[in-house]
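In our numbering, the protein residues as written are 804 to 1242.
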C-alpha cells in the first residue's frame, strides 16, 4: 500500500505529460500548447531583465563550482529562478561548452524535470551538443509550447535529423515552422526541398521567399520539363510572397532571375488543370505585373505576360470552371470566382498619362491585404517604381478624402506608408509625393 501511495504522489514529469498529450493529438499542435502543466507555472514574470539574468547566471555558476552535484540539485535551483521562457538563451553565454558530465545532467533535466524552468535549462545546454540519441527526447518535449523553439533549434543541429525537424515543425506554432524552413532552405534533398517550397504563403516573409527561390534555383526549375502542378503552384506562391512588403520590404526587385521566373511560370499556366486557386494565383500575379511591385521588374515584357495570363483565364476550360465556382453555395468561393472574372477583364498595362487604379485583394486573403489606390503614370506604377517598403494608400485615405486633388498651391500627399507604420518606427520610410496643380 505504501509503495502504491508513493507512486501516486510522485510528480509527473513534463516529458511524460507531453507524451500523454501527443497520444491524444498526434498530428496537430497541442491544445493551448500543452497547458495546464502538471506542476503549474509557465506564465511570464514581471521581473526586470537584469535581475532575471543575474539570477540565472549566479545559479548556474554556483552549480558548476561543484560539477559532481546530482542533477536533482540543479533541478531544485532552476525551479526557484525568476525567469521567463525566452531567458533560456542566456544559458549558452554562461556555459558555452558544457562538459560530457553536464550534458548528461541536461538530458536528465529534459527527461525527468517537473518544472518548466529546469527543462528549459536542460534544453539550452543541449542546443548545439545534442546527438542522434537525443532526437526522441527533443521531439516529445518539443510538443509543449514553452519548449518548441529550443527543441527545434537542438534538432536542426543534429546531423541526419532533418525529417525530425519537419515532424516537429508540422506540429508546432507558425514561428517554429518558419524557423524550420529557414534551417532547411538550402538542403539538397528533393523531398525536403519540396516541403520547404510548400510552406503556406501566409507564413512566408518576402526575404524568406527570396531565400528559398534562390537556393532552389526556381527560374531554372521552371525552365526544365516537365514541371508538375505542385511545383507550378509553389512557384506562384513564392512569386507573390516576394512582392509582399512583409518583413519591411518587398524582395522581387532583388531576385536577379525574377523576369525569367515570371516568363516560365506564365508560359506553363495553360497546361495546368483549371482550379479556382490557380485562377486566383494568376489574377494576383497579373495585378502585380499591372500595377504592383512586379511591374518595374518585368519592364517591356509586362504586356506580353499580361496578355498570356488573360488568354488562359478567358479560355473555355478556365472560364467554365470560374463560372461554376461563381454559382457555388459557398459565399467565399463565389466571391473569389467573381473577383477573378472581374480582374481578368482589366486588360493589360494601364493606358493614359495619369491613371488611378483601385486594387481590391483576393476575397480569401492571406495575411493582412488592404485595398490600394495605385497611381500609374505613363503605364508605370509610381509607388512600386520608387518605394518597396509598404503598400499604396487606401482609396479612402487618398481618393475619397479629397487629398489627391489639384489645387492652386503645392501640397504634400502621402501615396504609401511603410509596412512598419509611423505609429511604430516607419515614419522615416513613409513615401511622400507632392501633388501640384490648379483647379
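Note that the Cβ used here is the ideal one computed from N, Cα and C, for glycine as well.
- Among 898, 1123 and 925, which has the Cα closest to the Cα of residue 909? 925
inquiry  = To the nearest angstrom, how far is the alpha carbon of residue 1151 from that of residue 1186?
reply    = 18 Å
* To do: Note down, in chain order, each residue of its chain lying with its Cβ closer than 7 Å to the Cβ of residue 808, except the 5 sequence neighbours on either side.
  => Because the pLDDT at residue 808 is just 40, under 50, the model does not fix this residue reliably, and the point stays unresolved.
### Task
Would you list the one or two residues that DSSP bridges to residue 1160?
1177
I'd like the span of the alpha helix (DSSP H) that includes residue 956, first residue to last. 948-959
Pair within 8 Å by beta-carbon distance, residue 1129 and residue 1137: yes
Next on the checklist: Alpha carbons only, please: which of 950, 1009, 865 and 1061 is nearest the one belonging to residue 837?
Outcome noted: 950
* Beta-carbon gap between residue 863 and residue 894 smaller than 8 Å -> yes
*Under a three-way DSSP split, which group does residue 1100 fall into?*
helix
Exposed or buried, what is residue 828 when buried is set at 16 or more other beta-carbons lying within 10 Å of its beta-carbon? exposed
*asked:* In whole angstroms, give me the CA-to-CA distance for residue 819 and residue 860.
replied: 28 Å
Exercise. Give the straight-line distance between the Cα atoms of residue 1173 and residue 915, rounded to the nearest whole angstrom.
Key: 49 Å
Starting from residue 1124, trace the alpha helix (DSSP H) both ways and give me its first and last residue. 1119-1129
*Quick one: Cα of residue 978 to Cα of residue 1049, how far?*
14 Å
* To do: For the segment 1117-1135 and the segment 1058-1065, state whether three or more C-beta atom pairs, one from each stretch, are separated by less than 8 Å.
  => no
* **Proximity below 8 Å, CB of residue 1135 to CB of residue 1160** => no
Next item on the list: Verify whether the separation of the beta carbon atoms of residue 958 and residue 947 is less than 8 Å.
Entry: no
Secondary structure of residue 1220, DSSP reduced to three states:
coil
key: Continuous beta strand (DSSP E) assignments of at least 3 residues falling wholly in the segment 915-940   = none
Practice item. Report the rounded CA-to-CA distance for residue 1096 versus residue 991, giving the unit in angstroms. Key: 30 Å
With DSSP run on the structure shown, which of helix, strand or coil describes residue 888? helix
**Through-space distance from residue 880 to residue 854, alpha-carbon basis** = 16 Å
- Going by other Cβ atoms of all chains shown within 10 Å of its Cβ, with 16 needed for buried, is residue 1011 buried or exposed? buried
Nonlocal neighbours in the same chain, by C-beta distance under 6 Å from residue 933, ignoring five residues either side:
957 and 961
query = Applying the criterion that 16 or more other CB atoms from any shown protein chain within 10 Å of the CB defines a buried residue, is residue 1190 buried or exposed?
reply = buried
Helix, strand or coil: how does DSSP classify residue 1087 here?
-> helix
Spatial distance of residue 1240 from residue 1175 (CA atoms): Summary for residue 1240: the model assigns pLDDT 33, below 50, so the residue's position carries little reliability; its value from the coordinates is reported in the next sentence. Cα-Cα distance, rounded: 23 Å.
Subject >> Limits of the alpha helix (DSSP H) - the one that residue 1051 falls within >> reply: That residue, residue 1051, is in no alpha helix (DSSP H); it is neither H nor E in DSSP.
Does DSSP put residue 904 in a helix, in a strand, or in coil? helix
Practice prompt. For residue 814, I'd like the list of residues in its chain whose CB is within less than 7 Å of its CB, leaving aside the five on either flank, ordered along the chain.
Written response: 841, 842 and 917
Query raised in the report: Alpha carbon to alpha carbon, what distance is there between residue 890 and residue 1192?
Result: 32 Å
Where the alpha helix (DSSP H) through residue 986 begins and ends:
977-987
Check: When DSSP labels each residue in this structure, what does residue 1184 get in the three-state scheme?
Finding: strand
Need the endpoints of the alpha helix (DSSP H) that residue 1039 sits in, please.
1032-1046
Could you check what DSSP says for residue 1167 in three-state terms: helix, strand or coil?
coil
Checklist entry - Hey, residue 1006 and residue 981: beta-carbon distance below 8 Å or not? => result yes
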